[in-house]
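Asks: Those letters in the sequence shown? Residues 1 to 940, by the working numbering.
We put the beta carbon where it would ideally sit given N, CA and C, even for glycine.
Only a predicted model underlies this, so the values are computations on that prediction, with no experimental measurement involved.
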Amino acid sequence: MIYKHHQQKVLRWIALFLIGTFLQLLFYIPTPVLSQNSNSCSNITAPLTAEEQTYARAAWQYFVKNYQPATGFTNSTGGYPSGTLWDMGNYLMALNAARWLNLTDQADFDSRLNKFLTTLNGLKLFEDALPNKVYNAATAQMVDYGNNPLERGIGWSALDVGRILAAFDVIRTCHPQYNDWLKGIVAKWQVARSLKDGQLFGATVLPDNKTLLVQEGRLGYEEYGARGYQLWGFSAPKAIALEPFKLVEINGVQIPVDTRDFQSTNANNYVVSESYILDGIEFGLQGELADFAARVLDVQKRRFDTTGQLTAVTEDNIDQAPYFLYNTVYANGANWATITDANQPYPQFRSISTKAAFGWRYLFPDNAYAQKVFDAVKDLRSPDDGGYYAGIYEESKQPNKALTGNTNGLILEILYYKSKGNHPLIASTSASVSTGKPSENTSPATPANQPNSPAKPSENTSPATPSNQPNSPVTTPIATPADTSKPTEVAVAPIPPVDSPQPSSNLKLDRPLTVIERRYAEAAWRYFQANYHSKSGLIDDRSDFKGATLWGLGDYLAALHAARSLDIITPKEFDQRTRHLLAALTKLPLFAGELPSRGYDTRSLQPVDYGGNPAPEGNGWSALDLGRILAALYNLKTCHPQYTAAVDKIVLDWSYLRVVREGILSSATTAKEQDGRYLTRVNPVTRLGYEEYAARAFQLWGFNVDGSAVGGEYQTTLVEGVKVPIGRRRKDTNSKNQYTVSNPFVLYALEFGLDPQMRSLFEPIFQAQAERYRRTNTLTASATTLIDRKPYTVHSTITGQGESWVALGDDGQSVPKGRLVSTAVAFAYHALLPENKYSQQLLQGTTDLYNPLAGFYEGFYETTGKTAVGFTSSTNSMILQSLLYKLMNRQPLIRPTTTMKSPWWQAIAQGDSGRGLPNTAIQRTRLMSDTSGSYWVSGS
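1. Tell me the residue span of the alpha helix (DSSP H) that contains A70.
2. Does the beta-carbon distance from P852 to F364 come in below 8 Å?
3. Using three-state DSSP, classify L884 as helix, strand or coil.
4. Quick one: what's got a C-beta closer than 7 Å to A907's C-beta in the same chain, skipping five residues either side?
5. How is A559 classed by DSSP in three states: helix, strand or coil?
6. Starting from the C-beta of A357, find all residues in its chain whose C-beta is less than 6 Å away, skip the five residues before and the five after it, and write them out in chain order.
7. Would you check if the region 825-843 and the region 277-291 touch, i.e. whether three or more CB-CB distances between them fall below 8 Å?
8. Quick check on W936: does DSSP put it in helix, strand or coil?
9. Give the straight-line distance between the Cα atoms of V296 and V719, rounded to the nearest whole angstrom.
10. What do you reckon, are the CB atoms on D625 and T680 nearer than 8 Å?
11. Does the pairing of the region 248-255 with the region 188-207 give three or more beta-carbon distances under 8 Å?
12. Can V272 and Y326 be called in contact, C-beta distance under 8 Å?
13. Here's the rule I'm using: 16 or more other beta-carbon atoms within 10 Å means buried, otherwise exposed. How should R687 be labelled?
14. Checking the sheet assignment: what are the DSSP bridge partners for T793?
15. Between the C-alpha atoms of T899 and F752, what's the straight-line distance to the nearest angstrom?
16. For K731, is the classification buried or exposed, using 16 other Cβ atoms within 10 angstroms of its Cβ as the cut-off for buried?
17. Could you pull out every unbroken beta strand (DSSP E) segment of at least 3 residues lying fully inside the region 544-616, listed in chain order?
18. Let me confirm a value: L957 is counted as buried when at least 16 other C-beta atoms fall within 10 Å, else exposed. Which label applies?
19. What residue range is occupied by the uninterrupted beta strand (DSSP E) comprising F703?
20. Identify every residue that forms a DSSP beta bridge with L125.
21. Kindly provide the ranges of any beta strand (DSSP E) runs that are 3 or more residues long and lie completely inside the region 309-363, ordered along the chain.
22. Please confirm if the region 348-355 is in contact with the region 397-417, defined as three or more CB-CB distances below 8 Å between the two stretches.
23. F871 by DSSP, collapsed to three states: which one?
24. Let me check one thing: in DSSP terms, what residues is G155 bridge-paired to?
25. Determine which residues share a DSSP beta bridge with I664 and list them.
26. Can you tell me which residues form a DSSP beta bridge with Q215?
27. Work out the CA separation of P176 and A944 for me, nearest whole Å.
28. Tell me which same chain residues have a C-beta within less than 8 Å of the C-beta of P999, skipping the five on either side of it?
29. Under DSSP, the beta strand (DSSP E) around A390 begins and ends at which residues?
30. Taking the alpha-carbon positions, what's the T778 to P756 distance?
31. Is S462 helix, strand or coil by DSSP?
32. Are at least three pairs of beta-carbons, each pair with one atom in the region 665-683 and one in the region 875-893, less than 8 Å apart?
33. Whole angstroms are fine: how far does the CA of Q61 sit from the CA of P149?
34. Which ranges does the alpha helix (DSSP H) cover as unbroken runs of at least 4 residues, wholly within the region 620-647, from first to last along the chain?
35. Do A970 and F63 have their C-beta atoms closer together than 8 Å?
36. Quick one: Cα of Y773 to Cα of T931, how far?
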């Protein structure tokens, strides 16, 4: 009997063990784990100041005081044991920040996170699918928003799911030993039920107890939530796209607004600060969202400028009925609306939001207004050490004493973001993109994938046409973040450090920048920060497309030199970027093994056409683009001679046999024959102003291109009573110049000065525009600019196709109401003609056309005055060059070389190398001065 009893006991223990094992596998109940530091998350590059440490400790105290030990959750508001999945995501972000900011130790962190995840894993789910919208934080029971227990629950929120998925990603990245546990939780949830037709869908319970799925999210939060899903492999392409939206003018700023409003959908289309702040600190503002965020901050500043009322609006709890409000820039057709979720107005309770002020301050650390509104709330802490209050009521000027996990959690996230050197918390390349135009015919935001037309005229010198022209339509599908076919980014190692690094350019400036000029220079340089490819070292020609031409890379190199000379960037940054760019130039595949192709993907460095379509064999070369890069490389050697050997190595790899022929410049295009063969055709360049500019650049390197250099006889036509040049009289080609614009002439003047022949072209072009303004009161700065809609490139001409003041596309077709006032040209004219009253008018009209995150806009439309949304390297480079020109006492930006013993000149001296190098080792141009100023002229 004793043996039998022992046997039964053993069998009972085995059975219990197997049952326990099965249940653990079934419900995934992991044992507690201890964190191991992740280097990227613990890398604090900008430690908090003593004052910032005070902010962080105060915010963390909210979570200490509102912790529920039985569940590991925290209260969503002070003393109220309730919480949504969004609140839980806030807490996880706060907990992670507290650990790396040393507000809590490792043991406390592990204890809190283990308890939290254990409870979360065991939550009762709505319809066994997804977490209920809200739980009792003390008991983990499903409840309604009044914290009343409900057996079934009230549904789920897809946006809240997106928020906690983003938080999960941060936790698994910074504490990877929790990854399996988190994966188990997500696998247990039926996340796919909240996705439908590429959008996010929440669930709600109807009065008849049926479940209704409803689309969730409006512009801002919809994209943020979808990115959380994407981190875990769930794609919602319609949700992550920006459409449908329109632009609404508020206080003089075009604000993006979701077209799905309360009246038509029973959901609010509010515009608030928090969604953009979250996107910025977690994913990094990029593309159109960077532009939208800057606008949302700017419009709040404009309200302050107009009313004197500090403004930082977003949704917040308040300390009185109705307890929660949306303080908005815009909602449901009303500006500056303060509403409940049911769209009931409460303007008397509009407040300055603490979390919004913190967010703007650290997202835009150089913005004076962001600092001003931050100063108003930075000490808004409860006296009992309970955390930060939610804000300050505008009307009563009294504190809104609501204490919330949202406010204090976001403050901790923001401070952690700052401590990491303003590095986004989530390593993701996903971006919201526009797949078309806004719903209204207002100035739309920039589309995500449009033709890579350079900011200069195309060269229609052969039957071949860029792919964005009507007879060769763009067929490239619009890229989305889930697109797995995007090119692999190539990592290019910078050239080795130069032997004798110099502290700066050897230029001597007459004076430093004024405060206002420095602001403009820093804004222009933002373009080159925002569009820099850290792996390849290249810069995009335009912000909405991942491509570059040699012209655009010349713009970048010129901007680098200007930014260093103006002390906008440090010697270290200049050196790193320059060495990276020079290395990338050596890696570009050459067309026919001769010269760089017309365009490259800035990620893969592979040739593309102007539509971004792969062109494995290349699509010819542009002599104009080569001239631009040659001018920039020459000036790099002159002003920063430590890079001479690297520069000469690049240009000695190229063959000039076909680009310089019989004293003129020629470009190559490719054409596809009916039999499928691609043929190359080489023709002289004829673009007025651009040909002369490129020729002067080639002369710097010793090439005899007198036939393309400024000079000879020019045809003119009367515009505003002024004889404006329309083309050079020539017999070597039947191609004709199609239009006259300012760009090449102002660039020539800035870099090479105005020799008598160029002055004879430059002055009537400027005079005609000034006369038009005098006659019509229409500001005119005629230029080639890029826009965010078809035809993507617009030539606002002085004369084109036989007409005055017509706007043309690259295909030569008229663009009605398409004329722009060019920001770059306005800056350039003022730099060149500072005493001229018309150039002063131009500058006044364009100086504030910039986005502090993205650079200067292309300009504004003549007919409407609306900003032309879009950013390019050419515009921002020319603005930097114009500012430098002012400080150089109006001396040409291209400086003469001091040595002729570099590898380039040595190779020429050694004789013909089969590369079409110049015959003699002498420059074909020289710098001279007279009473009219300094300028480069032909001749050795």
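Replies: According to the structure data:
1. No alpha helix (DSSP H) holds A70; DSSP gives it neither H nor E.
2. yes
3. helix
4. L652, S913, L917
5. helix
6. A312, V373, F374, V377
7. no
8. strand
9. 42 Å
10. no
11. no
12. yes
13. buried
14. L786
15. 19 Å
16. exposed
17. none
18. For residue 957 there is no data in the structure shown, the boundaries of the chain being 1 and 940.
19. Taken as a continuous stretch (DSSP letters only), F703 belongs to no beta strand (DSSP E), as it is neither H nor E.
20. P131
21. 315-317, 324-327, 351-353
22. yes
23. coil
24. T204
25. R661
26. F201
27. Past the edges of the chain, shown from 1 to 940, lies residue 944, and the structure says nothing about it.
28. Residue 999 falls outside the range modelled here, since the chain spans only 1 to 940, and no answer is possible.
29. 389-393
30. 30 Å
31. Any reading at S462 is ruled out, since the residue's pLDDT is 32, under 50, leaving its predicted position unreliable.
32. no
33. 29 Å
34. 623-639
35. Shown here, the chain extends from 1 to 940; a query on residue 970 therefore has no answer.
36. 30 Å
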